[in-house]
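Peer 1:
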Amino acid sequence: MTDSLQAPSSNGAGADIDAAETTEWLEAVDAVVEHDGPDRARQILARAVQRAELQGSGPIASITTPYVNTIPVARESRLPGDPLVERRLRSIVRWNAMAMVVRANKLSSELGGHIASFQSLATLYEVGYNHFWHAPSQEHGGDLVYFQGHSSPGNYARAFLEGRLTEEQLDGFRQEVSVAGGLSSYPHPWLMPEFWQFPTVSLGIGAITSIYQARFMKYLEARGISETEGRKVWAFLGDGEMDEPETMGATALAGREGLDNLVWVVNCNLQRLDGPVRGNGKIIQELEADFRGAGWNVIKVVWGSRWDPLLAEDHDGRLVKVMEECVDGEYQTYKSRDGAYVREHFFGKDPVLLDRVAHMTDDEIWLLNRGGLDQQKVYAAYHEAVEHTGQPTVILAKTIKGYGMGVSGEGQMITHQAKKMTEDALLAFRDRFELPLTDEQVRAAEYYKPPEDSAEMEFLRERRAALGGSLPVRRVKASPLEVPDLELFKGQLEGTGDREISTTMAFVRVLAALLRDKKIGRRIVPIVPDESRTFGMEGMFRQVGIYSPLGQLYQPQDSEQLMFYKEDKHGQILEEGITEAGSISSFIAAGTSYSAHAEQMVPFYIYYSMFGYQRVGDLVWAAADSRTRGFMLGGTAGRTTLNGEGLQHEDGHSHLLFSVVPNVRAYDPTFGYEVAVIIQDGLRRMVAEQEDVFYYITLMNENYHHPAMPEGAVDGILRGMYLLRPSARDGGPRVQLLGSGTILNEVLAAADLLESDFGVAADVWSVTSFTELRRDGIEVERWNMLHPTEEPHTAYVTQQLSSREGPVVASTDYLRAYADQIRQWVPRGYRVLGTDGFGRSDSRRALRRFFEVDRHYVALAALKELADSGQVEAERVKEAIDRYEIDAETPTPTRV
Ligand SMILES: Cc1ncc(C[n+]2csc(CCOP(=O)(O)OP(=O)(O)O)c2C)c(N)n1
Ligand SMILES: [Mg+2]
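Below you can see the structure in the form of structure tokens.
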């Protein structure tokens, strides 16, 4: 039957030198299939291929299959229920989704919105909603669906039919400020916390976070924390989106770890924003190869049921050949034209095919549908996907961008951004989807909701009830955890005595204490991108184990040692390998576990600070939007503290980057007790009080003495500053010195110099967070502006510094802009030193001198401020320059 089926073009077979012999082989295959089934044929052929490859044939097996559906018609599971009712329901959702965008843009074209994307994937969503996606209920933990961000009108339209949203709310689409209950443009848990679960609209973010979500579910199961068996993670991705490195970057992990709880649906509408995704190729075939190589189960849904008869009679493979030869650019054009055009330009490529469709009218040809728009084909694919075990599944569904938009966008280059429809297009849309609307209603783009007792509404209610309720739905809180007292970190609070340690080490001790804690220990999730040894955490490998779904299939090289490299099915550490994007995706999964799994977990994600925000900033933003709770720790931070590593490693700006994230609390502690206080309070806020904030804490690798915590420091540590060491000197000139991170030690040394060399009293403040101080200042300033006749409030910085005298000098290991954040609340002269410019390799001492943040520059800056305010002679400043051998003519380090 298949004697002349074309050899797949990708396997490089040249001209056939012996056609008769080829036919014999093919007939033999047919015979095996007929007598022993396709599995046996596959077995024999696999052996034969292996034999040839061993003899040097080079790779034979093609990684792609023909450009047709993966599931043969005979194997399709049938869509249950009444297909017509299901189609009518979907048509209504289509209409309302389109109407809300059209109406918003009648109001003002400023509002924006997208129509074409949802129209291409309506079937893909609706089949899921009607048959597959469980809401969390007594019987089921709930599936987790990552919806495509810019298709949100489709979700809102469905929620409207389900009675979850009102017409007024639909009319408030993209008007969240002016309309109460207005709807956010895209899925934002921050803006609609009880509705949206996953922020996806920054392309690629939904993809990678969905993989790590599925992985984290297996982790929770393995650790006996939550039963996640039977729950699925679904992600809807655009074919254009597949080009993002974040989208494809972790697919190998999903394959390697056999994440069979993960289903990706790639909506292959062949278009992105500007034009075709692969005009000169075929995105479905390309993706099939990629995913198969990454170990995924690939289900292609290319053609709709109306093609079935034509494909069934394609014994000579001519139709499949033309299907394979056409490129996506052509497929797009076909769908922007009509049946006559398709006849001429598609079937017309082969006169035999033209004959084969001669009995069909142009309209019938036009109705030949694509797989992703056919509810039967989509149902069959989803059915196989959820049954598949051992591998993640990707469904590559071919659709049409702007389906149903006719002259206003179907298959057109401009369709992505179309947010208006002409009257003709609206009327045609109504007719095509058979909506019971008058011309008047159509022109006004009125919403349509069928009567409650209609077959559509009954079907909708019955299906969602059977699947446990409505989706999407987001849980905002879980049971609080009991947070240990500060006492647990006694070692840090008491100081290190004679010993010198780094804050990284102090943190590792805090983490170790938490891991051992009876109440919270099990909830801790250490996450490391291949840097445990850098941070001195390798002891934890053995102590709590590294999670691996396979356990440990080898004897580790260091097995004789106490602290060997231990992989374990029940391991607690997520050792991510070298992927900061993957690591933060795990951070998000763990830090939102309270919502997705009703189990609070506490991620501690530690990494090289330079490869943090600036590497994965968009994922940090997604973490914030997701209301993630946990700790991010920027290890070996500070532009002069990580001294030997140079420009690409030395971080002098991550604090500024984190200052832009509204719900991040960022700290730059110097001493172990500060680290302990910040973490303990963070735990209280996040997992006891369940505030949706997360923490960024910089850690350093410089060893020094850590004092015991001064009495009464806790409040100041958390608010951002406290008086660490007041000067005992009375009278004479006085300055206030501010420092953070390791540079605080330079500031302390500068205070000594000022006292001993210049007789200046210097009070030293530890500033744990300029960013928190700024937050407080902004709030106070605003309140005062809005309450002009009332007693003004005072910013915390002002309160603190007003209690002492003299100008203020700050020095940090970050850009000047970091400490500059508080300038307007500093009650007197304020001079800031910082590490602006590119980093370099040298000793810490040399670097601090180079960037002009060391003790001598701090002393110099203080004297200059005193001179400017008339408290010391300018001569004394000059004296400091000479005494500290400062070269006044050296170029500024920021000059490039
Ligand atoms: C990281 C990122 N870059 C760019 C955009 C802007 N953008 C939104 S949708 C889109 C095109 C998406 O095409 P595709 O993934 O094929 O989705 P479709 O709408 O075709 O389903 C672009 C460029 C974005 N949202 N995120
Ligand atoms: Mg697309």
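Each position in the sequence shown, counted from 1, maps to that position plus 735 in the working numbering. Note that beta-carbon positions come from the ideal geometry of N, C-alpha and C, so glycine has one too.
#1: Are the Cβ atoms of G1387 and T1570 separated by less than 7 Å?
#2: Can you tell which of R1590, A985, L1008 has the C-alpha that lies nearest to the C-alpha of Y1025?
#3: Please say whether V1532 and W1500 have beta carbons closer to each other than 7 Å?
#4: For ligand 2, any of its heavy atoms closer than 6 Å to the Cβ of D1063?
#5: For H923, is the beta carbon positioned less than 6 Å from some heavy atom of ligand 1?
#6: When DSSP builds the beta bridges, which residues end up paired with A787?
#7: Of the residues P1542, E1525, R1517, D1548, which one's Cα is nearest the Cα of F1505?
#8: Measure the beta-carbon distance from D1353 to S886 and round it to whole angstroms, keeping in mind my assumption that it falls under 8 Å.
#9: Is the beta carbon of I827 less than 7 Å from the beta carbon of Y1183?
#10: Taking 7 Å as the limit between beta carbons, can you name the residues of its chain near E1229, skipping five residues before and five after?
#11: Just to confirm my understanding: we take T931, look at its own chain, exclude 5 residues before and 5 after, and list those with CB closer than 7 Å. What are they?
#12: Using only CA atoms, which one of L900, V764, N831, Y891 lies nearest to Q1176?
#13: When you measure from the CB of N1004 to every non-hydrogen atom of ligand 2, does any distance come out below 6 Å?
#14: Apart from the five residues on each side of it in sequence, which residues of its chain come closer than 7 Å, Cβ to Cβ, to S744?
#15: If contact is defined by three or more beta carbon pairs under 8 Å, each pair taking one atom from either stretch, is the region 1097 to 1117 in contact with the region 974 to 990?
#16: Which complete beta strand (DSSP E) runs does the region 1442 to 1466 hold, if anything under 3 residues is left out?
#17: Express the C-alpha separation of Y1069 and Y1076 in angstroms, rounding to a whole number.
#18: Roughly how many angstroms lie between the CA atoms of V1327 and G1474, to the nearest whole one?
#19: Please determine whether the Cβ atom of R1007 lies at a distance below 6 Å from any heavy atom of ligand 2.
#20: Going by beta carbon distance, what residues of the same chain come within less than 7 Å of G1226, once the five residues before and after it are set aside?
#21: Just checking, does the region 1359 to 1368 make contact with the region 1570 to 1584 on the three C-beta pairs under 8 Å criterion?
#22: Sorry if obvious, but does the Cβ on G975 come closer than 6 Å to a heavy atom of ligand 2?
#23: If you run the structure through DSSP and keep just helix, strand and coil, what is L1108?
#24: How should T799 be labelled, buried or exposed, when 16 other C-beta atoms within 10 angstroms of its C-beta is the threshold for buried?
#25: In three-state DSSP terms, what is L1131?
#26: Whole angstroms is fine: what's the gap from R966's alpha carbon to V1129's?
#27: Does the beta carbon of E845 come closer than 7 Å to any beta carbon on chain B?
#28: Have a look at Q873 and I1259 and give me their C-alpha separation to the nearest angstrom.
#29: Identify the continuous beta strand (DSSP E) that holds V1502 and give its terminal residues.
#30: Tell me W999's beta-bridge partners as DSSP assigns them.
#31: When the Cα of I850 is compared with those of N890, H869, G1030, D817, which residue comes out closest?
#32: With I960 and L997 assumed to form a contact (beta carbons below 8 Å), what rounded beta-carbon distance in angstroms separates them?
#33: Kindly indicate which residue of I1308, Q1349, K1212 has the alpha-carbon position closest to the one of A1333.
#34: Which residues in the same chain as E1424 place their Cβ atom closer than 8 Å to its Cβ, once the five residues preceding and following it in sequence are excluded?
#35: Measure how close the beta-carbons of T944 and I1323 come, nearest whole angstrom, since I'm counting them as under 8 Å.
#36: Could you compute how far the alpha carbon of L740 sits from the alpha carbon of A1316?
Peer 2: On the basis of the coordinates in this document:
#1: yes
#2: The question names Tyr, yet the displayed sequence has Asp at residue 1025. Closest option to D1025, judged by alpha-carbon separation, among R1590, A985, L1008: A985.
#3: For W1500 and V1532, no; Cβs fall outside 7 Å.
#4: no
#5: no
#6: According to DSSP, which records beta bridges pairwise, A787 is partnered with nothing at all.
#7: D1548
#8: Wrong, their Cβ atoms sit about 19 Å apart, outside the cutoff.
#9: yes
#10: A1443
#11: Per the sequence shown, residue 931 should be read as Trp rather than Thr. Same-chain partners within the cutoff: P922, H923, P924, P1207, R1209.
#12: The shortest Cα separation from Q1176 among L900, V764, N831, Y891 belongs to N831.
#13: yes
#14: Reliability fails at S744, whose pLDDT of 43 lies under 50, so the model's placement of it is uncertain and the value that follows must be treated cautiously. Within the same chain, S744 has close Cβ partners E1059.
#15: no
#16: 1456 to 1460
#17: Our two residues, Y1076 and Y1069, have alpha carbons roughly 7 Å apart in a direct line.
#18: Looking at the sequence itself, residue 1327 is Thr, so the reference to Val does not match. Each residue's Cα considered, the two are about 34 Å apart.
#19: R1007: yes, Cβ under 6 Å from ligand 2.
#20: R1244
#21: No: the two stretches stay apart, fewer than three of their Cβ pairs being nearer than 8 Å.
#22: yes
#23: L1108 carries a helical assignment under DSSP once its states are collapsed to helix, strand and coil.
#24: buried
#25: Taken through DSSP and simplified to helix, strand or coil, L1131 comes out as strand.
#26: 17 Å
#27: Protein chain content of the structure displayed is limited to a single chain, and chain B is not contained in it.
#28: 27 Å
#29: 1496 to 1502
#30: A970, V1129
#31: Sorting N890, H869, G1030, D817 by C-alpha distance to the C-alpha of I850 places N890 at the top.
#32: I960 to L997, Cβ: 19 Å. No contact.
#33: K1212
#34: P1215
#35: 6 Å
#36: With a pLDDT of 43 at L740, under the threshold of 50, the modelled position of that residue is not reliable, and the figure given next carries that caveat. Cα to Cα, L740 sits roughly 44 Å from A1316.
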